[in-house]
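Report on the structure given below.
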Amino acid sequence: MDPIRFQLNGRPIVVEDIPPTTTVLQYVRSTGATGTKEGCAEGDCGACSVVVLDHDAGGQPRYRAINSCLLFLPMVHGKQVFTVEGLTQDGEPHPVQSALVDRLGSQCGYCTPGVVMSMFEACYRDDLDQDWKVDDQMCGNLCRCTGYRPIREATHAIAGQQPDDSFSAALAATAPSSMALHYEAAGHRYQCPDSWSELWDAMDRAPEARFIVGATDLALTVTKRFQPLTDLISLEALPGMDGIERNESSWTFGAAVKLSDLEAATEQDLPPIARMLRFFASRQIKNRATVGGNLCNASPIGDMAPILMALGATLHLRSRDGTRSVPMDSFFLDYRETAMGPGEVLAMVEVPLPDPAARIGAYKVSKRRELDISAVCAGCFVLLDEGGLVSTIRLAYGGMAATTSRAQATEAALLGQPWTEDSIEAAIPHLDADFVPIDDHRGSAWYRGTVAKNLLRGFFWETQGEPVVGLSDRPSGTVVLREGP
Ligand SMILES: Cc1cc2nc3c(=O)[nH]c(=O)nc-3n(C[C@H](O)[C@H](O)[C@H](O)COP(=O)(O)OP(=O)(O)OC[C@H]3O[C@@H](n4cnc5c(N)ncnc54)[C@H](O)[C@@H]3O)c2cc1C
Ligand code: FES
Ligand code: FES
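Take the sequence shown: its letters are residues 3 to 487, numbered as in our numbering.
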């Protein structure tokens with residue numbers, strides 16, 4: 003058994019005797035570093051934000067603001083963690099702290115430590131090339147009393163500044179660290195294998211263990227439902243799980259790729275995915291949440307499934323018997339049930355490069371635009387033949403049934419037809435045959451059914467080159483790869 007080793011504000015920490023589902027938030031507060039606060043314990047308020055020095059999908063070191071309320075302590079093994087107490091240098095406040103003070107960005111101060119840590123990540127980012135990205139950096143930080151203008155102004159003032167200090171030096175010098183760990187305490191076990199053969203061994207030792215990666219979904223079992231997770235196997239350190247690659251025919255995303263990395267990687271070349279991620283949770287959540295976790299939790303309102311289904315993705319599953327491939331549209335079997343068998347993990351998502359002539363749309367409808375769960379979510383893909391008739395169409399909807407699924411009757415009604423308003427209107431009633439929509443507090447069945455129809459109409463009009471509805475500084479959730487016919 004190994005101890006958990008990490009650095010907290012530059013101090014080496016060794017932990018041997020506390021349960022592995024202790025959150026980083028609980029641990030740092032127990033050390034007396036009580037600047038970091040608990041607001042919601044479910045990733046919604048940002049009061050618990052701390053920064054972890056991590057690596058992105060390309061192996062580059064990055065400071066990432068994360069919600070410490072949803073991160074279990076073994077997940078920072080081998081890493082450096084910073085809280086608001088660790089930012090001063092030679093007794094002087096960090097530039098992000100000064101920026102907030104100068105603009106009167108704090109009143110009661112409850113949100114302030116989390117705000118400071120999100121600003122800290124912004125300060126060392128090198129990709130904040132548009133104003134909305136700076137705003138998006140802060141969308142996971144609620145403030146109840148100051149008002150957001152001073153916080154926003156302070157963040158814009160320091161975004162991307164990368165001061166010449168010890169934090170920049172650490173960013174330049176830090177090599178990826180090993181996350182491999184076998185930790186047991188208080189009758190609980192956490193294993194993080196860093197090779198596939200060690201994964202099979204770990205599974206032999208703990209046949210009932212739950213897999214975990216980003217923990218943004220599974221940690222809620224402990225923090226909100228107060229149920230124990232006694233045996234966990236992290237898939238985060240397995241080889242090939244965090245890579246993003248593109249070849250002549252496809253993109254491949256390792257299942258443990260963090261959504262913030264996926265958003266950055268697809269922004270230019272696969273915009274329907276990036277645009278969906280633009281309206282997915284907060285920066286802190288996307289800094290931990292993974293593409294594999296989003297698919298494997300098999301939520302009917304998971305946001306990645308519809309667009310991946312529309313793009314014709316294939317999922318590569320791995321077990322000790324080898325690998326097998328499952329088309330995305332055969333992966334979900336029933337509510338929260340997938341085609342993964344016992345002993346199988348999702349290793350990789352493969353997306354064929356779309357035909358440049360294809361029109362692709364990604365839509366998310368939720369009660370509020372930022373940091374909300376979908377009521378209805380859709381991915382749409384259409385390709386026309388030389389005569390202007392529909393030769394390929396994939397319409398995938400989330401929030402409409404127990405699983406994300408394709409609108410097969412509607413697709414059949416459109417296949418071979420001219421891509422016109424008349425064809426769309428003739429096909430739309432088929433959506434009633436395709437889905438008996440969920441009826442719950444996020445949306446009635448009538449509402450969801452109506453939204454689904456209007457999204458298809460909206461997709462059609464967008465392919466006709468109609469202006470995209472949305473504020474100019476906030477790209478909408480929709481993208482069309484090429485002008486309409
Ligand atoms: C505040 C908040 C906001 C959110 N907003 C959104 C949103 O806007 N849209 C949305 O779709 N979701 C949202 N989520 C849900 C969640 O963040 C995502 O589904 C996320 O992608 C889960 O990834 P993870 O790595 O954290 O999964 P984990 O919590 O680590 O795992 C989730 C499940 O998948 C299994 N699993 C994970 N990876 C694998 C694998 N490779 N192979 C086999 N099994 C695996 C685990 O055993 C577990 O059952 C939100 C969550 C929170 C807390
Ligand atoms: S306590 Fe609210 S996000 Fe963690
Ligand atoms: S300063 Fe009071 S909650 Fe933000």
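We put the CB at the ideal spot given by N, CA and C, even for glycine.
Here the structure is a predicted model, which means the values were calculated and not measured.
Closest option to Arg-396, judged by alpha-carbon separation, among Ala-171, Ser-236, Leu-313 and Ala-307: Leu-313.
Between Phe-255 and Ala-300, the C-beta gap is not smaller than 8 Å, which leaves the two residues out of contact.
The beta-carbon separation of Gly-400 and Ser-376, rounded to 6 Å, stays under the 8 Å limit for a contact. Taking C-beta separations shorter than 7 Å and ignoring five residues to either side along the sequence, the partners of Ala-43 in its chain run Cys-71, Thr-225 and Lys-226, following chain order. Where Glu-265 is concerned, the enclosing alpha helix (DSSP H) starts and stops at 261 to 268.
Setting aside the 5 residues that flank it on each side, Gln-419 is surrounded in the same chain by Leu-391, Val-392 and Ser-425, each with a C-beta closer than 7 Å to its C-beta; the list follows chain order.
The residue from Ile-15, Lys-455, Met-119 and Ala-307 with its alpha-carbon nearest to that of Val-98 is Met-119. By the CB criterion at 8 Å, Leu-234 and Ala-258 fall outside the cutoff.
Within the chosen limit of 7 Å, ligand 3 reaches the beta carbon of Thr-114 through at least one heavy atom. Shown here for Gly-189: same chain residues with a beta carbon closer than 7 Å to its own, the five before and five after excluded, namely Thr-232 in chain order. For Thr-254, the enclosing beta strand (DSSP E) stretches over residues 252 to 256.
Taking all protein chains shown into account, Trp-253 has 16 or more neighbouring C-beta atoms within 10 Å of its C-beta and is therefore buried. Around the C-beta of Leu-417, fewer than 16 other C-beta atoms lie within 10 Å, and the residue is accordingly described as exposed.
In the structure shown, Lys-366 adopts extended strand secondary structure according to DSSP, grouped into three states. Collapsing the DSSP output to three states places Tyr-150 in a helix. In this structure, DSSP gives Tyr-112 a state outside helix and strand, which the three-state scheme calls coil. The alpha-carbon separation between Ala-182 and Ala-49 amounts to approximately 29 Å.
For Arg-13, there are no CB contacts under 6 Å within the same chain when 5 residues up- and downstream are skipped. Between Pro-152 and Pro-165, the alpha-carbon positions lie close to 21 Å from each other.
Asp-104 carries a helical assignment under DSSP once its states are collapsed to helix, strand and coil.
Three or more beta-carbon pairs drawn from the stretch 112 to 127 and the stretch 45 to 62 are found closer than 8 Å, and the two stretches are therefore classed as touching. Between Thr-90 and His-96, the alpha-carbon positions lie close to 5 Å from each other.
The C-beta distance from Leu-319 to Glu-339 rounds to 15 Å, too long to meet the 8 Å contact threshold. Residues whose Cβ lies closer than 6 Å to any heavy atom of ligand 2, listed in chain order: Glu-40, Gly-41, Cys-42, Ala-43, Gly-45, Asp-46, Cys-47, Gly-48, Ala-49, Cys-50, Asn-69 and Cys-71. Contact between Asn-296 and Ser-262 is absent: CB atoms are separated by about 13 Å, not below the 8 Å threshold.
A Cβ-Cβ separation of about 4 Å places Met-278 in contact with Ala-364 under the 8 Å criterion. With a threshold of 16 other beta carbon atoms within 10 Å, Val-103 falls short and is exposed.
With a cut-off of 8 Å on Cβ pairs, the stretch 18 to 35 is in contact with the stretch 62 to 77, counting three or more such pairs. Per the coordinates, the alpha-carbon of Gln-163 lies some 19 Å from the alpha-carbon of Gly-88. Arg-326 and Ala-208 have their C-alpha atoms some 23 Å from each other. In the assembly as shown, Arg-280 is a buried residue. Its beta-carbon has 16 or more other beta-carbons within 10 Å. At least 8 Å separates the beta-carbon of Thr-465 from that of Val-367. A residue is called buried once 16 or more other Cβ atoms fall within 10 Å of its Cβ, and Cys-147, having fewer, is exposed.
Contact check for Arg-7 and His-79: beta-carbon distance about 6 Å, within the 8 Å limit, so the pair qualifies. Going by beta carbons, Thr-394 and Pro-308 fall outside the 8 Å limit. At least one heavy atom of ligand 3 is found less than 7 Å from the C-beta of Thr-148.
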